[in-house]
Structures are given as structure tokens and as C-alpha cells.
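Residue numbers (the numbering used here): -1 to 94.
The beta-carbon is built from N, C-alpha and C at its ideal position, and this holds for glycine as well.
Following this line, the structure appears as C-alpha cells:
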């Protein structure tokens, strides 16, 4: 019964995190292209529809484009490249 057991810390070893600056703010959204990025969470499309309606009612000069990654929880470089090349701003949406 005097057997030795090994225990592992389930928290693991956290990675070193370094801060990054936020992207510079736009002075105005007038005439800008804003991508609404549906991150594929449950019911996120409902949230994104509400955001799009808000823009249509309150900032009608903003051009809204909807986009989704190919799959959730996986980086989509092609989608990011599209947003960067064709958009001025992006809103990432989640919902429940």
C-alpha cells in the first residue's frame, strides 16, 4: 500500500502573454465598409441581424457586409484577408 503516485497539475503551464495595441480608431464610419463577422456561435445570426438593423436605422451611410468563417474555432486566413482588403472595420459577433 505504500505505493508512490505521481500527480500532474491540471492547470498546465500558461503561455507568456504580451500585450498588443488596439487598431487605430476611424474618425467616422460615414461611407465606410463594416464587416459583420458571424463567429458561428449558437444564435449569433440573430445578434448580427440586430446589429445590421441598428446600422440601417442609425447610420445608413455605412455599408454592411456579412461574412462567416468556414468553420468555428478554426482560423480562416482567407476570410481575414477579405475583411482586411475590402473593409474599413469589423465587428465580431457572438450570441446566445
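- Residue 33 carries a strand assignment under DSSP once its states are collapsed to helix, strand and coil.
- Here the C-alpha atom of residue 27 lies approximately 16 Å from the C-alpha atom of residue 64.
- Judged by DSSP in its simplified three-state form, residue 63 adopts strand.
- For residue 49, the closest C-alpha among the options 81, 33, 38 and 39 is that of 33.
- Counting along the chain, the unbroken alpha helix (DSSP H) around residue 83 starts and ends at 75 to 84.
- Looking at 36, 72 and 21, the one whose alpha-carbon comes closest to that of residue 46 is 36.
- By DSSP's assignment, residue 90 forms a beta bridge with 35.
- A direct Cα-Cα distance of roughly 24 Å separates residue 15 from residue 88.
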